[in-house]
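Quick notes on the structure that follows.
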Amino acid sequence: MSRLEKIDYPFLNQEIYFRHMNNGMNVYYLPKKGFQERSAILTVNFGSIDTKFTSNDYSKEYSSGVAHFLEHQLFRNQHGEDVGNQFTVLGSDSNAYTTFDKTSYFFSTVESFEESLELLLDFTSSLHITEESIQREKGIIEQEIAMYQDDPDYRLYSGILANLYPNTPLAMDVAGTKESIGMLSLTDLKENFDSFYRPDFKSLVLVGDFDVKAIDRIVRKRETNRRKTLPEIVRPNLDLVQPVVKSSIQMDVTTSKLGLGFRGNLAPGLSIVENKLALRLFLAMLFGWTSHRYQDWYDKGKIDDSFDIEIEISERFGFVILMLDTEQPIAMGTQLRKNLINVRQNKDVNQNHLITIKNEIYGEFIRSLDSIEELGHQFLQYQDEDYSYFDFPNLLTKLDLETIITVGEYFFNQAEKTEFIVFPK
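Residue numbering for the sequence shown follows the working numbering, beginning at 15 and increasing consecutively.
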């Protein structure tokens, strides 16, 4: 029998209620007294890289874009109506997105929270598709894919990933390609829905001013045990090969766009969350806006506000991407790589600078606690077996300068590298 557990974070004046449902779904209640807005986000452990898996000792493989396609299809109910419109009638804003390893559905509202929650739980528990609805959706997604192909920033990001992870699902757009979604059938979609949209692959986070026990009763009322014995799903590791060292394209841009990608491993002895936060602090010391290096490049016009760092760490992949607009892409690529070597001699890597960065990140964390919708998304992003998002301040304190440097060196010293440039035509 599942039970409702309470975890207190007195230094944040915050509490969490958690229930591991009998059917396997994890539910987190984050009460926020005095806030008008309330939100819920339901996440399924199924993303764009899950195109190959084994179920009941039978191997299955599907074309890219299947997870994203299902995300679209679930918004059609048994009458062919758009579920998004039903949320609107209830006064709720709703949306969904697919990432490499997850699909998330969410809403926020200041009214009709209970009814919106029931709708969220209902429409993510059943699939209503026909050959006609599939063909109609293919046309919509084809337009979405074509639109992204004209976006230079998207082409930069996708080009780096294609170089870093050739011949793997990470090299493909989350939405797939016109050819890959054209191959998807009704049977494919049903098989993937049945395999992954199961309670033990779902997590639900609810945030706002509500009666926890009353909302918990609503969630439990919709608890379903569709299968007493669920088949084990085995997802293989990515079949990695050597990255493409460098490549480029030409587009209608006024300034070149440079992207550097690094495919590395996590430092042993630390959790995924600790590795990710340590890398974030490491790169902020080297290239963040508070660093001397960043300010020097900025003042000389070598970089601008487009400079961005993306860190993606999970159990199945780990990469860092540096992206920027620059008139000197070749030279800046060399400079960026150079500054990742011998970091212990870098004047920006010091205790005082680290304290400044930690204070900035802590401030961002505190502000996120006052954003109902952002808090739900951040909570899921940092939730693992060892920590929750509310452990973030303790992790910031725990990660000292030496640990951060060690994690950064471990990742970058043995990382596979690539370079991708979008040149002006």
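Ideal Cβ placement from N, Cα and C applies to all residues, glycine included. Please read all numbers here as calculations on a predicted model, not as lab measurements.
Worksheet item: For threonine 144 versus leucine 200, is the C-beta spacing smaller than 9 Å?
Response: yes
Fill in: Span of the alpha helix (DSSP H), counted from its first residue to its last, around threonine 348
Taken as a continuous stretch (DSSP letters only), the alpha helix (DSSP H) holding threonine 348 covers 343-352.
Worksheet item: In three-state terms, what does DSSP make of serine 328?
Response: In the three-state DSSP reduction, serine 328 falls in the coil class, being neither helix nor strand.
Worksheet item: Out of Asp398, Lys290, His367 and Phe210, which has the shortest C-alpha to C-alpha gap to serine 139?
Response: Comparing Cα-Cα distances from serine 139 to each of Asp398, Lys290, His367 and Phe210, the minimum goes to Phe210.
Discussion item. Measuring only the C-alpha atoms, how far is isoleucine 386 from histidine 86?
Written reply: 25 Å
Worksheet item: Secondary structure at histidine 367, three-state DSSP: helix, strand or coil?
Response: helix
Worksheet item: If you count every other CB in all the chains shown that lies within 10 Å of the CB of lysine 412, and 16 or more means buried, which is it?
Response: exposed
Worksheet item: Using the C-alpha atoms, what's the distance from valine 258 back to asparagine 37?
Response: 44 Å
Fill in: Inter-residue Cα distance where the pair is aspartate 384 and phenylalanine 404
Looking at the two C-alpha atoms, the distance is approximately 13 Å.
Worksheet item: At what residues does the beta strand (DSSP E) containing aspartate 22 begin and finish?
Response: Where aspartate 22 is concerned, the enclosing beta strand (DSSP E) starts and stops at 18-23.
Worksheet entry | Contiguous beta strand (DSSP E) assignments of at least 3 residues, all confined to the stretch 21-109 | 28-34, 40-45, 52-58, 66-69 and 72-75
Worksheet item: In terms of residues, what are the limits of the alpha helix (DSSP H) holding serine 262?
Response: Counting along the chain, serine 262 falls outside any alpha helix (DSSP H), though it belongs to the beta strand (DSSP E) covering 260-265.
Item to complete: Rounded to whole angstroms, what's the CA-CA distance from glycine 315 to methionine 346? Just pull it up for me.
Response: 12 Å
Worksheet item: How is the alpha helix (DSSP H) around valine 357 delimited, first residue to last?
Response: For valine 357, there is no enclosing alpha helix (DSSP H), as DSSP marks it with neither H nor E.
Worksheet item: So what's valine 186 in DSSP terms, helix, strand or just coil?
Response: For the sequence presented, residue 186 should be read as methionine rather than valine. Reduced to three states, the DSSP call for methionine 186 is coil.
Worksheet item: Of the choices Asp266, Thr117 and Lys74, whose alpha-carbon is the least far from that of valine 436?
Response: Asp266
Worksheet item: Apart from the five residues on each side of it in sequence, which residues of its chain come closer than 8 Å, Cβ to Cβ, to asparagine 181?
Response: The beta carbon of asparagine 181 is closer than 8 Å to those of Asp253 and Val255 in its chain, skipping five residues each way along the sequence.
Fill in: Presumed contact (8 Å Cβ cut-off) between isoleucine 419 and valine 363, rounded CB distance
7 Å
Worksheet item: Near aspartate 214, what residues of its chain come up, given a Cβ to Cβ distance below 6 Å and the 5 sequence neighbours on each side ignored?
Response: So the list reads Gly38, once near-sequence residues are dropped.
Discussion item. Taking the alpha-carbon of aspartate 414 as reference, which of Ser118, Met299 and Ser106 has the nearest alpha-carbon?
Written reply: Met299
Practice prompt. Give the single residue among Ser77, Lys372 and Glu388 whose Cα lies nearest to the Cα of alanine 185.
Written response: Ser77
Worksheet item: Do leucine 274 and isoleucine 174 have their C-beta atoms closer together than 9 Å?
Response: It is a contact, given that the beta carbons lie within the stated cut-off.
Worksheet item: Sorted by chain position, which residues of the same chain lie with C-beta nearer than 6 Å to asparagine 279's C-beta, five sequence neighbours on each side aside?
Response: none
Discussion item. Between the stretch 112-132 and the stretch 53-69, can you find at least three pairs of beta-carbon atoms closer than 8 Å?
Written reply: yes
Item to complete: Can you check DSSP and say which residues form a bridge with glutamate 430?
Response: For glutamate 430, which the question treats as bridged, DSSP gives the partners Arg277.
Discussion item. Measuring only the C-alpha atoms, how far is threonine 113 from alanine 81?
Written reply: 9 Å
Practice prompt. On a CA-only basis, which of Leu26, Arg17 and Ser16 is nearest isoleucine 380? Give me that one, please.
Written response: Leu26
Worksheet entry | For valine 219, the first and last residue of its enclosing beta strand (DSSP E) | 216-222
Worksheet item: Expressed to the nearest angstrom, what Euclidean distance is found between the alpha-carbon atoms of lysine 59 and aspartate 115?
Response: The identity of residue 59 in the sequence shown is asparagine, whereas the question assumes lysine. Approximately 6 Å between the Cα atoms of the pair.
Worksheet item: Helix, strand or coil: which one does DSSP assign to valine 436?
Response: strand
Practice prompt. Locate the alpha helix (DSSP H) running through tyrosine 171, then write down its first and last residues.
Written response: Its alpha helix (DSSP H) spans residues 166-178.
Worksheet item: Who are the near neighbours of glutamine 92 in its chain, counting only those whose CB is closer than 7 Å to its CB and skipping five residues on each side?
Response: His142
Worksheet item: If you follow the alpha helix (DSSP H) that tyrosine 308 is part of, which residue opens it and which one closes it?
Response: 306-313
Item to complete: Find out if the Cβ-Cβ distance for the pair serine 108, glutamate 125 is shorter than 9 Å.
Response: no
Fill in: Run of the beta strand (DSSP E) containing threonine 117, from where it starts to where it stops
117-123
Item to complete: Could you check the C-alpha separation between arginine 249 and glutamine 309 for me, to the nearest Å?
Response: 44 Å
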